[in-house]
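Residue numbers (my numbering), protein chains in the order written: chain A, 95 to 410; chain B, 161 to 485.
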Ligand SMILES: Cc1ncc(C[n+]2csc(CCOP(=O)(O)OP(=O)(O)O)c2C)c(N)n1
């Protein structure tokens, strides 16, 4: 077992670099959308970076991940090349889904990434099916199923909790509670208990984690992943997080104040929190952060800008 | 040749495919310990164990989604719906997940699932348990839709469906489960997308699928007594539709009647006739006719039920109309 990550500067630097990659990439996507180079529904992950980065680092490359339409970051951290994602966003043949899927539908099974699903909640039974396959084939893999707190109100989620628990499937249900489902604040849609308890009627252990703190996310995830891999059955984690941008690019965000967003950015930003923690002592790690920040500033998508030069699928 | 019922043929197809390929498993309500609500999975639990013959809770949206996800992850699920009426609960997963993912992933994610179960009217189970969904599923690119009639169809097409890399909707018929047919021995595998001529004839082509093939054959016998020789085509597959076989028959008979158990609006008859107008219009000597369910939810009373479903006498009348006799 590696050293606890909180003590390992190299791990923290890596978290920082990956979170920053996601943020810069998504900012670039936002810009390109504004320029008309990306179309349709496009949902950015800015603000939520710690969730996917901390969790992905807790699983193996042969494990599986499935999520909703808000999927650019999940694909990126699984190792899909930024250029292939950007080419998909711009509707090119070089895109990860050959330009057929777009922002919401990216897949890369080699890297254990099962998409990219546009129907709220639909990825939950699908993810349980992937976990079912892992167990059926007697592999010691786990599946992470990401969904929003809005999706947590879909009936099929509870149908899935029931089966996953009944059959002890190796799945972790990750509720990314970013506080809003489109314009609906969580308190306007959620009856009953905290979301982390929503699996308890099915015997599914649940925890609530500060999803703005990548170290907390990672440590909680490591524990859950180890237990699920050991055959304890499904677990649930509610990640308390926040999305800075609109639900999608077409959302004018009238349902909350700028002030609310600003406060979260100032006090809880996942990247800033980690930077403060690492850079504090003037260490080598601190210097590395600066280098990463500079590199990503110059080249936000890791070379993705080149996709503009590629032929569109239409002209092929 | 061996004589067997459609029920046995389906069972044997599943057992043979499960023996052949470790990835194949059966999942659904009452498929294991109860041996199938209609006893189609008789003996499978005993042979393959609870790891491969899996009873689910009553949770169609959930278990169909789970089976579809397992298929995306490399397994070969056979998902039984107790009847297709209940598949409406799972429609989103069938259409949005199973049918569309191969395309929208740019060919990356395959979904080799078979979704099977009885479809259409049974006997006096009323409106909510009696509907033919062939045209619903047939509408969707990304799905294959198979409608077996005989035991040979059932066996050969189910085995083909299990081996097919695409999601396949396999629409059985409860009334046919107990009907016996001769089936060749051994590994019967039919090609999906090929129709069969069940009775040759030169005067008129009657196209049907599933139980309407039985009705069409009854009608053909009645017509033969009047001196009209009907050719009966069993579509076997709704999507992809075997248009060449229909056109070739029409080139000989020049007259067409399409029989379906579903409603006529935007139905299979409409689709077959549109295909004929596109690709075989010059063969037609009379406007083609449709025989379908009455445009009402299926009634319970025996006389009303019979009147609402396509029967041989209505097919005979339609044939007389298109033959101008
Ligand atoms: C079944 C379904 N209903 C409605 C929508 C439209 N829709 C897309 S995203 C969304 C909000 C979902 O919020 P949440 O699950 O919290 O995820 P988030 O977008 O915050 O990541 C809605 C209503 C949809 N895509 N699917």
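Virtual Cβ for every residue (Gly too), placed ideally from N, Cα, C.
Quantities reported herein were computed from a predicted structural model and do not represent experimental measurements.
Cβ-based burial, residue i [other Cβ within 10 Å; buried from 16]
i, result
"residue 431 (chain B)", "buried"
"residue 356 (chain A)", "exposed"
"residue 105 (chain A)", "buried"
"residue 409 (chain A)", "Low confidence applies here, because residue 409 (chain A) scores a pLDDT of 43, under 50, leaving its location unreliable; read the following figure in that light. It counts as exposed."
"residue 305 (chain A)", "buried"
"residue 141 (chain A)", "buried"
"residue 378 (chain A)", "exposed"
"residue 409 (chain B)", "buried"
"residue 193 (chain B)", "exposed"
"residue 95 (chain A)", "The predicted position of residue 95 (chain A) is uncertain, since its pLDDT is 44 and thus under 50; a value taken from the coordinates is nonetheless stated next. Burial call: exposed."
"residue 364 (chain A)", "buried"
"residue 405 (chain B)", "buried"
"residue 308 (chain B)", "buried"
"residue 319 (chain B)", "buried"
"residue 333 (chain A)", "buried"
"residue 168 (chain B)", "buried"
"residue 171 (chain B)", "buried"
"residue 468 (chain B)", "buried"
"residue 484 (chain B)", "exposed"
"residue 437 (chain B)", "exposed"
"residue 290 (chain B)", "buried"
"residue 384 (chain A)", "exposed"
"residue 231 (chain A)", "exposed"
"residue 355 (chain B)", "buried"
"residue 138 (chain A)", "buried"
"residue 281 (chain A)", "exposed"
"residue 460 (chain B)", "exposed"
"residue 391 (chain A)", "exposed"
"residue 348 (chain A)", "exposed"
Listed by chain order, chain A residues near residue i by CB distance under 8 Å
i, result
"residue 269 (chain B)", "201, 203, 208 and 209"
"residue 458 (chain B)", "Those within 8 Å of residue 458 (chain B) in chain A number zero; the least Cβ separation is about 28 Å."
"residue 352 (chain B)", "Within chain A, no residue comes near residue 352 (chain B); the closest Cβ sits about 24 Å away, beyond 8 Å."
"residue 230 (chain B)", "223, 224, 226, 227 and 230"
"residue 219 (chain B)", "253, 256 and 257"
"residue 328 (chain B)", "Under the 8 Å cutoff, chain A gives no residues; its nearest Cβ is about 17 Å from residue 328 (chain B)."
"residue 216 (chain B)", "257"
Closer than 7 Å at the beta carbon, the chain A residues around residue i
i, result
"residue 256 (chain B)", "213 and 216"
Residue i: CB within 7 Å of a non-hydrogen atom of ligand 2
i, result
"residue 314 (chain B)", "Of the ligands one can find in the structure shown, namely ligand 1, none is ligand 2."
Under 8 Å from the C-beta of residue i: neighbouring residues of chain B
i, result
"residue 195 (chain A)", "264, 265 and 266"
"residue 254 (chain A)", "222, 225 and 226"
"residue 175 (chain A)", "Correct list: empty, because the minimum Cβ distance to chain B is about 14 Å."
"residue 219 (chain A)", "221, 222, 223, 224, 225, 226, 228, 229 and 253"
Partner residues on chain A for residue i, Cβ-Cβ distance less than 9 Å
i, result
"residue 235 (chain B)", "223, 226, 227, 230 and 231"
"residue 393 (chain B)", "By Cβ distance, chain A contributes nothing, its closest Cβ being about 35 Å from residue 393 (chain B), past 9 Å."
Nearest-angstrom beta carbon gap, residue j and residue i [assumed within contact, 8 Å]
i, j, result
"residue 321 (chain B)", "residue 306 (chain B)", "6 Å"
"residue 206 (chain A)", "residue 169 (chain A)", "Rounded, the Cβ-Cβ distance is 11 Å, inconsistent with contact."
"residue 268 (chain B)", "residue 298 (chain A)", "Actually they do not touch by this definition, with Cβ atoms about 30 Å apart."
"residue 182 (chain A)", "residue 167 (chain A)", "Between residue 167 (chain A) and residue 182 (chain A) the Cβ distance is about 14 Å, and since that is not below 8 Å, they are no contact."
"residue 315 (chain B)", "residue 343 (chain B)", "6 Å"
"residue 161 (chain A)", "residue 240 (chain A)", "4 Å"
"residue 257 (chain B)", "residue 225 (chain B)", "7 Å"
"residue 151 (chain A)", "residue 312 (chain A)", "6 Å"
Partner residues on chain E for residue i, Cβ-Cβ distance less than 8 Å
i, result
"residue 192 (chain A)", "Although the question refers to chain E, the structure presented lacks it and instead comprises the protein chains A and B."
Within chain B, partners of residue i - CB distance below 7 Å
i, result
"residue 250 (chain A)", "221, 222 and 225"
Pairing CB atoms from the segment 312-322 of chain A with CB atoms from the segment 281-291 of chain A, are three or more of them under 8 Å? no
Open item on the list: Check whether the segment 366-378 of chain B and the segment 392-404 of chain B are in contact - that is, three or more C-beta pairs closer than 8 Å.
Closed with: yes
If contact is defined by three or more beta carbon pairs under 8 Å, each pair taking one atom from either stretch, is the segment 250-266 of chain B in contact with the segment 184-197 of chain A? yes
- Cβ contact check for the segment 357-364 of chain B and the segment 275-284 of chain B: 3 or more pairs under 8 Å: no
Where are the alpha helix (DSSP H) runs, 4 residues long or more, that stay fully inside the segment 130-201 of chain A, in chain order?
143-150, 166-171 and 176-183
Would you check if the segment 214-225 of chain A and the segment 240-250 of chain A touch, i.e. whether three or more CB-CB distances between them fall below 8 Å?
yes
So, do the segment 174-181 of chain A and the segment 224-233 of chain A have three or more beta carbon pairs nearer to each other than 8 Å? no
(message) Can you confirm whether the segment 408-427 of chain B touches the segment 445-465 of chain B when touching is taken to mean that 3 or more C-beta pairs between the two stretches lie within less than 8 Å?
(response) yes
Taking 8 Å as the threshold, find out whether the segment 214-223 of chain B comes into contact with the segment 184-192 of chain B through three or more Cβ pairs. yes
How about the segment 440-447 of chain B and the segment 410-419 of chain B: do they share at least three Cβ pairs that are nearer than 8 Å? yes
Exercise. Can you give, in chain order, each stretch of the alpha helix (DSSP H) that sits fully within the segment 316-390 of chain B and has at least 4 residues?
Worked result: 371-385
Is the number of C-beta pairs between the segment 376-392 of chain B and the segment 329-348 of chain B that are closer than 8 Å three or more? no
Self-check item: Minimum length 4: unbroken alpha helix (DSSP H) runs contained in the segment 251-293 of chain B
Solution: 261-264
Length at least 3, wholly inside the segment 174-258 of chain B: the beta strand (DSSP E) runs in chain order = 184-188, 213-215 and 236-240
Practice item. Indicate whether the contact test is met: 3 or more Cβ pairs, each with one atom in the segment 236-254 of chain B and one in the segment 255-275 of chain A, closer than 8 Å. Key: no
To test your reading of the DSSP string, which unbroken alpha helix (DSSP H) runs of 4 or more residues are found completely within the segment 285-325 of chain A? 308-323
Within the segment 222-282 of chain A, ranges of the beta strand (DSSP E) (whole runs, at least 3 residues): 237-242 and 265-271
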